[in-house]
Amino acid sequence: MTSLRERWRILLSDASLGYLWLLRFGEPLRNLPAEAFAQLLAEKLRARVVVVGHDFRFARRGEATAAVLAAAGVRLGFQVDVVDPVMLDGERISSSGVRAALADSDFERARRWLGRPWSMRGRVVAGERRGRKLGFPTANLPLERRRAPVAGIFAVRVRGVAGEALPGVASLGTRPTVGGVEPLLEAHVFDFSGDLYGRELEVEFAAKLRDEACFASLAALTAQMRRDADDARRILAA
Numbered sequence: 000m001t002s003l004r005e006r007w008r009i010l011l012s013d014a015s016l017g018y019l020w021l022l023r024f025g026e027p028l029r030n031l032p033a034e035a036f037a038q039l040l041a042e043k044l045r046a047r048v049v050v051v052g053h054d055f056r057f058a059r060r061g062e063a064t065a066a067v068l069a070a071a072g073v074r075l076g077f078q079v080d081v082v083d084p085v086m087l088d089g090e091r092i093s094s095s096g097v098r099a100a101l102a103d104s105d106f107e108r109a110r111r112w113l114g115r116p117w118s119m120r121g122r123v124v125a126g127e128r129r130g131r132k133l134g135f136p137t138a139n140l141p142l143e144r145r146r147a148p149v150a151g152i153f154a155v156r157v158r159g160v161a162g163e164a165l166p167g168v169a170s171l172g173t174r175p176t177v178g179g180v181e182p183l184l185e186a187h188v189f190d191f192s193g194d195l196y197g198r199e200l201e202v203e204f205a206a207k208l209r210d211e212a213c214f215a216s217l218a219a220l221t222a223q224m225r226r227d228a229d230d231a232r233r234i235l236a237a
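Just so you know, we're using numbering that gives the first Met the number 0 here: the sequence shown kicks off at 0 and counts up by one.
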C-alpha cells in the first residue's frame with residue numbers, strides 16, 4: 000500500500016525515530032534459524048528492547064513465534080514487548096482490512112484505521128502537457144514499481160505545493176483516451192498555476208468520483224473533467 004520510501008518517512012518523522020536500519024529480507028534471512036535470528040538482534044544490533052506484533056512469526060517457514068523470541072531474549076539479554084491487537088469499531092486493525100477499505104473506495108474507514116489519510120507520494124516529472132492544453136494542468140507522479148490498490152478519478156488534497164494541503168482532483172490509471180500504457184498518478188490542484196516539476200508531492204485521497212473511462216474525443220474528456228472538478232470541489236468543501 001505504501002512504498003518503502005514512504006514507510007521510511009513515516010517511521011523517521013511521524014514516529015520520531017532517530018535511526019532506521021533495514022534488514023534485507025533475502026534467502027539468508029528467510030532461512031535463518033530462530034536462535035540465530037535472536038543472536039543477530041542481541042549481538043549485531045545490540046538490541047535492548049524488541050517490539051513485535053502479537054502474530055509475529057520468524058525463522059524458517061515462520062516456525063518461531065513472539066513467545067519463542069521472548070524466551071530467547073531472556074537468555075540473550077533483551078526484552079520483548081508484544082503489542083496486542085488494536086481494535087476499532089469492533090474489528091482488529093490490519094493491513095488486509097485497510098486494503099479491503101481501499102478496494103471499496105472507503106477512504107474514511109482507511110483514514111480511521113491508519114490514523115491519517117491514505118496517500119501516495121512522488122516526485123513530479125515532465126509529461127506531454129496534454130492536461131495544460133485541455134485547461135487542466137496536472138502534476139505527473141509515476142508509480143515506478145508500486146502497485147496501487149485503487150484506480151479511477153478521485154477528489155484529493157495535495158501536500159507540498161504550499162504550506163497546507165490544497166484541494167484538487169486526480170486520475171490514477173493508464174489514461175485510455177490518450178493511449179496510455181503505464182499507470183500514472185496525475186493531480187490537478189485547484190486554482191494553482193505555478194511550476195511543480197521536480198517537487199515532491201503527497202496526494203491524499205478523500206473520495207472516489209468514478210472509474211477510469213475511454214472517451215470518444217478529447218472534447219468529451221474535457222467536459223467530463225469539468226464535471227469531475229465540480230464534484231471534487233463540492234466533496235472537499237463539505
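Backbone N, C-alpha and C fix where the C-beta goes; we use that ideal spot for every residue, glycine too.
The structure presented is a predicted model; accordingly, all values stated were derived computationally and were not measured.
If I measure Cβ to Cβ from valine 50 and keep anything under 6 Å in the same chain, skipping five residues before and after, which residues do I get?
Once the five neighbours on either side are set aside, the close Cβ partners of valine 50 are Asp80.
Please state whether DSSP places alanine 41 in a helix, a strand or coil.
Correct three-state label for alanine 41: helix.
Using three-state DSSP, classify leucine 11 as helix, strand or coil.
Three-state result, leucine 11: helix.
By Cβ distance, which residues of its chain are closer than 8 Å to arginine 91, with the 5 residues on each side in sequence left out?
A distance below 8 Å between beta-carbons, with the five flanking residues on each side excluded, links arginine 91 to the following residues of its chain, in chain order: Pro84 and Val85.
Which residues mark the beginning and the end of the beta strand (DSSP E) in which arginine 198 is found?
Note, arginine 198: premise wrong, no beta strand (DSSP E); not H, not E.
Neighbourhood of leucine 87 by C-beta distance below 7 Å, restricted to the same chain and skipping five residues each side
The residues are Arg111 and Trp112.
Any beta carbon of chain C sitting closer than 8 Å to that of phenylalanine 24?
Absent from the structure is chain C; it holds one protein chain and no more.
Classify asparagine 139 as buried or exposed, calling it buried when 16 or more other Cβ atoms lie within 10 Å of its own Cβ.
Asparagine 139 is buried by the Cβ-count criterion.
So if DSSP puts glycine 52 in a beta bridge, which residue, or which two residues, is it bridged to?
Answer by DSSP bridge pairing, in chain order: Val82.
Out of curiosity, what's the CA-to-CA distance linking leucine 22 and glutamate 201?
Between leucine 22 and glutamate 201, the alpha-carbon positions lie close to 27 Å from each other.
For the structure I just gave you, are there three or more beta carbon pairs, one from the segment 101-120 and one from the segment 57-71, closer than 8 Å?
Contact fails: fewer than three Cβ-Cβ distances are below 8 Å.
The segment 24-38 contacting the segment 61-68, beta-carbon criterion three pairs below 8 Å:
With three or more CB-CB distances shorter than 8 Å, the segment 24-38 counts as touching the segment 61-68.
Check serine 94 in the structure and name its three-state DSSP category.
Three-state result, serine 94: helix.
Whose C-beta lies closer than 6 Å to the C-beta of proline 136 among residues of the same chain, with five residues either side of it excluded?
These residues qualify, in order along the chain: Gly130.
Quick check on alanine 161: does DSSP put it in helix, strand or coil?
DSSP places alanine 161 in coil when its eight states are reduced to three.
Which residues in the same chain have their Cβ closer than 6 Å to the Cβ of proline 116, if we skip the five residues on either side of it in sequence?
Result list for proline 116: Arg110 and Glu203, in chain order.
If we count the other Cβ atoms within 10 Å of its Cβ and call it buried at 16 or more, is lysine 132 buried or exposed?
Around the Cβ of lysine 132, a 10 Å sphere holds fewer than 16 other Cβ atoms; the residue is exposed.
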